[in-house]
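Trainee: Residue numbering for the sequence shown follows my numbering, starting at 3 and increasing by one per position. Ideal Cβ placement from N, Cα and C applies to all residues, glycine included. Questions regarding the structure given below will be posed in turn.
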Amino acid sequence: MQAQELLNEGRLNDALGVLQQAVRAEPACARHRIFLFQLLAVLGQWDRALTQLNMAAHLDANALPMAQVYREAIRCEVLRAEIFAGRRTPLVFGEPQAWLGMLVEALRIDGDNPAKADGLRAQALEQAATSSGNIDGVRFGWLADADPRLGPVFEAVINGRYFWVPVERVARVQFEAPSDLRDTVWLPARFIWTNGGDSVALVPTRYSETVQSGDEALLMGRRTEWCEHGALAGRALGQRMLATDHAEYALMDVRAIEFDRQDQDG
3 MQAQELLNEG
13 RLNDALGVLQ
23 QAVRAEPACA
33 RHRIFLFQLL
43 AVLGQWDRAL
53 TQLNMAAHLD
63 ANALPMAQVY
73 REAIRCEVLR
83 AEIFAGRRTP
93 LVFGEPQAWL
103 GMLVEALRID
113 GDNPAKADGL
123 RAQALEQAAT
133 SSGNIDGVRF
143 GWLADADPRL
153 GPVFEAVING
163 RYFWVPVERV
173 ARVQFEAPSD
183 LRDTVWLPAR
193 FIWTNGGDSV
203 ALVPTRYSET
213 VQSGDEALLM
223 GRRTEWCEHG
233 ALAGRALGQR
243 MLATDHAEYA
253 LMDVRAIEFD
263 RQDQDG
């Protein structure tokens, strides 16, 4: 079977074997290496993914722009794992608010004192401002990540750096429809800020610990599951879910979110 057919069936490791054989048979084929980079990224094998991405760019100059974007995304994934393990602190887009500091502190103490971490998260979510708007035309009173470790925060790679972006900084965000395997790892997006500026970004499609699960459906972002985690709702694995006061939405199904911003900055 071809690698793509195996992927369609969710057989990631079998697809990996086929792709590795293809690279050995045609080592100068950049197309094989681009495919392999994407599959290794799905599997969370970041160092190997980076090697294949760099080789593809070396073999085909047309792959250079893609390589420049995604090599930074790969490096950000390593940092992201450290942040969710409580060992590093995320950059915050804009002036950090007290509630967001509570979410960061909750990650730091999660391993040693999960009950206190959950209490901090509950406080943070109470203090955070709510933002009404619409998601693909459907109205909501508030929007947040379904994982309470994030709440009203977007994760985004902007200009090669990983940020936590508070919802209150965003006027609108548009997501591209998934078209490549790498989109199951990072979904291209464009943020319009409350001050009128804008940025292109990559939004991590999956939750950080997904790569530790070994579950092929979760790795492919074909489902989401929550693990037990203290007294508060559990941490999530698989495809990112966005929650509103009316429904939940899988990230790859969302095309646009627009917030009501009567009083925008500047």
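Could you tell me the distance, in whole angstroms, from the CA atom of F95 to the CA atom of V167?
Mentor: 5 Å
Trainee: Using a threshold of 8 Å, state whether the C-beta atoms of L42 and Q23 are closer than that.
Mentor: Their beta carbons are not under 8 Å apart, which means L42 does not touch Q23 by this criterion.
Trainee: How would you label S181, buried or exposed, when you count the other beta carbons within 10 angstroms and need 16 or more for buried?
Mentor: exposed
Trainee: Taking 8 Å as the threshold (C-beta atoms), are A179 and R257 in contact?
Mentor: Yes, the Cβ-Cβ distance between R257 and A179 is below 8 Å.
Trainee: Taking buried to mean at least 16 other C-beta atoms within 10 Å of its own C-beta, is V205 buried or exposed?
Mentor: buried
Trainee: Which parts of the stretch 76-160 are runs of the alpha helix (DSSP H), unbroken and 4 residues or longer, counting only runs that do not cross its ends?
Mentor: 100-111 and 116-129
Trainee: Mapping DSSP to helix, strand and coil, what is E211?
Mentor: Under the three-state reduction of DSSP, E211 is assigned to helix.
Trainee: If you follow the alpha helix (DSSP H) that T53 is in, where does it begin and where does it stop?
Mentor: W48 to L61
Trainee: How big is the Cα-Cα spacing for E260 and A63?
Mentor: 37 Å
Trainee: In terms of DSSP beta bridges, what is F261 paired with?
Mentor: Looking at the DSSP output, F261 sits in a beta bridge with G135.
Trainee: Using alpha carbons as the reference points, say which of L253, D112 and W188 lies closest to R151.
Mentor: Nearest of L253, D112 and W188 to R151, Cα basis: D112.
Trainee: CB-CB under 6 Å to F156, same chain, minus the five flanking residues each way: which ones, in chain order?
Mentor: V167
Trainee: Which class does L234 belong to by DSSP, given the choice of helix, strand or coil?
Mentor: Low local confidence applies: a pLDDT of 36 at L234 is under 50, so the model's placement there is unreliable, and no value is given.
Trainee: Per DSSP, S201 forms a beta bridge with which residues?
Mentor: F193
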